[in-house]
Every structure is written in C-alpha cells, then in structure tokens.
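Chains as they are written, first to last, in this note's numbering: chain A, 1 to 211; chain B, 1001 to 1211. Input: a single structure, listed below in structure tokens.
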DNA sequence: AATAACGTTGACCTAATAGGTCAATATAGA
DNA sequence: TCTATATTGACCTATTAGGTCAACGTTATT
C-alpha cells in the first residue's frame, strides 16, 4: 500500500495541496488539469497519482483539508465577543495573513464550492456544505455594536458597503502579495496600511466620539 | 467572397459577438473554445468560420467592436462637467445598464486585455491598449468636487472605498440580472435600488448640507 | 421547371491534452 | 549486494482543440 497524500512530509504535502487548491479554485473541478497541478507541485504526475487514487479524491482531500484548517486556524481563533466591527475585521485579516504565508491561495477556498459536471463530486460537496453554519461574511457582521455608527445611517447598507470595501481591500493585498515574487514580504507594511484603512473607515462610519 | 462578421444582420452578429465576448472574458483567449462560442451563438462552428477566418481574428474583432461601442455609447455620452461623484456614477450606471440590455457581458470587457499565450495576439493588444487614455476608473474620479466631503476625511482613501463599493454593487446587479432568466427585467426597481444606494453613500461621505 | 447562387452544416482532419497506468529506473537502507 | 521504496518517462484511450470541405437545403433568376 502506497503512502497517501496526508501522510507525506508537510513540505511536499503542502506543495501539492497548494498547487491543487490554486488550480481547482482558478478553473473549477472540471477544467482543472492534473498535469498542471503536478508540475506546479514540482513532482511528476505519476507520483502524484500514487498519493491520490484519482482527480476526484484529490479534490475532496483538498476541500476537506482546507475546511479543517480554516476551522482550526481561523474560526476557532476568532474572538466574536469583540463587538467592534473594525476590530473584528482586523482580527480576521491578521489570522488570514498568517495563513497566507503558508497557503497562498487559501482566500480562494470558497470557489471550490461551485457546482461541477461530476454528479459524485456535487453530491459529496452538498453533504459538506450542509454541515457548515453561517457563512463567513454573515458571521463576521453578526451581533456587532451598532451604537458607534453615526445617527441616520442605514446599518444594513453600511454593513454591505463595509463588506464590499473589505473585498476590494483584500484583493489589493492579494495582488501585492502575488506580484511581489520575493517570498520575503513586508508584512509590517501591509499591517500598517491595514490600520490606516480601518482608521479611515472609523472616521467615515463612526461618531467622532467612537473613533 | 463570403460575408464577414460585421456585415451580418445585427441579430446574428450580436449573438456571435456576445457569445464570443462571454467565452473570451470568462476563459481568456487561449482556453476559450470556438465550439462553445458557436453553440452559444446558435450556429454551427463551420458557419462561424465563414464569418471569421480564425480564432484570433474573431478575438480582435470582438475587442475592436466593444472598444468602439463603449467609446461611442459610454465615454462620449458621459458628461464629465458633472462634478458630483455620485451623480457621475449614476450617469455611468444608467449608460451601462442600457448597454447591458443588448450586450449582457459588456461589463467583462476589460478582461479581454489580459496577456495570452499567443505572441501575435499580445502584440495586437499592446498596440490597442497604448492608444487608450486614462482608465475608466481613473477618469470617473478625476476632477470631482471634493468640497462636499465631510471635513477630516482622506479624499484618496474615500475614492478608493467608493470605487470598491461600486464594484460590489455592480456585481450584485449583474448577479441579479443574470440569475433572472426572464428577459423582462425590472429596470425601474434596479434604478430605484441604485438611488437608495447613492443616497446612503451621500449620507456617509458628504456634509449634511451637501446631501 | 431548371439553374445558378447562396446559406448552412455534419463529418472529418490533425494536433494537443485529458485522466490514468505501468514497467523501468534511481535511490536508500540492511 | 540485495531488497524495498521513491520516482518518472513513456504510453494508453478518450476527448477536445482549431479548422476544412463536400454536400445539402433554400432562394432568386432565367
């Protein structure tokens, strides 16, 4: 019996998981190429198919691995007793940036959930999605302290706008990280621009006494 | 000599242009399939290759057609003497929604500009991109009236946040439009939710006297 | 009605790529 | 040196790619 993917030494395991996550997220299950995944992971396709028995198994392994990882390293570490939305978002960013160092495509994880052409994969996905609770976005905006918002603002619309800004900011960070080929990223600078950005959002949405 | 694409009657011409724009925008030049384009346009691939001589020609025809269309039906109609950013954005939305009725993928046009694996296509694209002036986003935020913004706000950051919100709102509209299979869309409702959204943005960013 | 011209397509071509297998090699440990 | 494991190039079949072409159906002209 050959070694399976999850028993490999972490370096190789992560290389494969990252390459697969990238390919599956970018192209979807059907159009993703196992050739490309193997090449990006730096091993031969033949070897990769010793670690997993087929494309579908690889896909579901990737899905499960990152589901658990996000659960353990993100959701469980989030402090939802913090009621200030911007502090919550800051927490969220710090956790995700930490993960980003090891898993550069983890932000794209949610793209794995789109429907595929494979009946079996769809069935397996459905089962897993049902298990999940509130979506990430919903949870992060749940039960926040709205008393800090300026009077007259529509809270739901504000949440929406904050979410959209957040998506935009996230994409900007991701672009920066991916375009800088050096693996030595200036995380301090990223975090300081993050804080500048939250300061501005506070000025925009909060009463001056709540900033 | 066979009829060329641009000489066809507009219904068929648009069917092909729209199908091609969708496929090229979604998958990029290299991965786009002429089989799928023809099928989506409702004609045989053989017929399509009577209208264009090859994939590359089709791509560049699509690129040029929508460049000119956007120029004529969008940029030339925009009134940049309007200095209120939200009125400008509203104008922009109205024009684009109008175009959306006939060209459901026109919002994805900018995705045609990404680099391909074809040297010739890249060369042709470079030439065309150089001709273009300021990007759409830059132009729309250029020379706006910043006196209406509340004191203490960082204008550049605000522009950024407004842009991101705008992208989010656009995507929401596009989802709505594409998910509603009926071709009879409730544009009045879309426009009224648009106005609600701009009202909220005014409350957020403007002094109360400027709303 | 016959013919010419045009519009349209299914079947086909070759090349590339897909997922997946396997015999053979390279490497390491005993 | 032998054995066991790690690794891969070459290969299999099926599908899809871009593109061609002979043949068919439909109009229009004589």
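Beta carbons: idealized from backbone N, C-alpha and C, even for Gly. Remember, it's a predicted structure, so these values are computed and weren't measured experimentally.
- When Cβ-Cβ separations below 8 Å define contact, residue 1153(B) makes contact with chain A.
- With fewer than 16 other beta carbons inside 10 angstroms of its own, residue 1119(B) counts as exposed.
- At least 8 Å separates the beta-carbon of residue 128(A) from that of residue 74(A).
- The beta carbon of residue 1079(B) lies closer than 7 Å to those of 1091 in the same chain, with the five residues before and after it left out.
- By the rule that beta-carbons nearer than 8 Å mark a contact, residue 140(A) does not touch chain B.
- Between residue 69(A) and residue 124(A), the C-beta spacing is not below 8 Å.
- For residue 187(A) against residue 97(A), the beta-carbon gap comes to about 7 Å, under 8 Å, which counts as contact.
- Using a 10 angstroms sphere on the CB of residue 81(A), the tally of other CB atoms stays under 16, which defines it as exposed.
- DSSP places residue 1149(B) in the strand class (E or B) of the three-state scheme.
- For residue 137(A) and residue 88(A), the gap between their C-alpha atoms comes out near 12 Å.
- Going by DSSP, residue 164(A) is part of the alpha helix (DSSP H) stretching over 155-179.
- Per DSSP, reduced to three states, the secondary structure at residue 206(A) is strand.
- Look at residue 1165(B): its C-beta is under 8 Å from a C-beta on chain A.
- Between residue 196(A) and residue 203(A), the CB-CB gap reaches or exceeds 8 Å.
- For residue 113(A), the closest C-alpha among the options 4(A), 140(A), 130(A) and 72(A) is that of 130(A).
- Beta-carbon to beta-carbon, residue 1110(B) and residue 1116(B) are separated by about 15 Å, too far to satisfy the 8 Å threshold.
- Boundaries of the alpha helix (DSSP H) harbouring residue 68(A): 55-70, taken from the DSSP string.
- Residue-level contact check: residue 1109(B) does not touch chain A, since none of the beta carbons of chain A fall below 8 Å from its beta carbon.
- With contacts defined by Cβ atoms closer than 8 Å, residue 200(A) and residue 1154(B) form a contacting pair.
- Proximity of residue 204(A) to chain B, defined by a Cβ-Cβ separation below 8 Å, is satisfied.
- In terms of Cβ geometry, residue 21(A) and residue 13(A) do not form a close pair [threshold 8 Å].
- When the beta-carbon positions are compared, residue 35(A) and residue 45(A) come within less than 8 Å of each other.
- The residue from 144(A), 141(A), 156(A) and 100(A) with its alpha-carbon nearest to that of residue 174(A) is 100(A).
- DSSP places residue 42(A) in the coil class of the three-state scheme, outside both helix and strand.
- Taking 8 Å as the cut-off, the beta carbon of residue 19(A) is found closer than this to the beta carbon of residue 37(A).
- Ranked by Cα distance from residue 48(A), the first of 190(A), 72(A), 178(A) and 15(A) is 15(A).
- Within 10 angstroms of the beta-carbon of residue 1159(B) lie 16 or more other beta-carbons, which makes it buried.
- Approximately 6 Å separates the beta-carbon atoms of residue 149(A) and residue 206(A); this is inside 8 Å, confirming the contact.
- When the alpha-carbon of residue 1093(B) is set against those of 1051(B), 1017(B) and 1140(B), the nearest one is in 1140(B).
- Of all residues in the region 1166-1177 of chain B, the ones placed with a Cβ closer than 9 Å to any Cβ belonging to chain A are 1166, 1167, 1168, 1169, 1171 and 1172, in chain order.
- Assignment of residue 1003(B) by DSSP, reduced to helix, strand and coil, places it in the coil class.
- Spatial neighbours of residue 1084(B) in its own chain (CB-CB distance under 8 Å, excluding positions within 5 residues in sequence) are listed in chain order as 1144, 1145 and 1148.
- Around residue 1127(B), no beta-carbon contact reaches into chain A at under 9 Å, the shortest distance being about 24 Å.
- Comparing alpha carbon positions, the residue from 67(A), 157(A), 29(A) and 10(A) closest to residue 41(A) is 10(A).
- Residue 37(A) has a beta carbon lying at 8 Å or more from every beta carbon in chain B.
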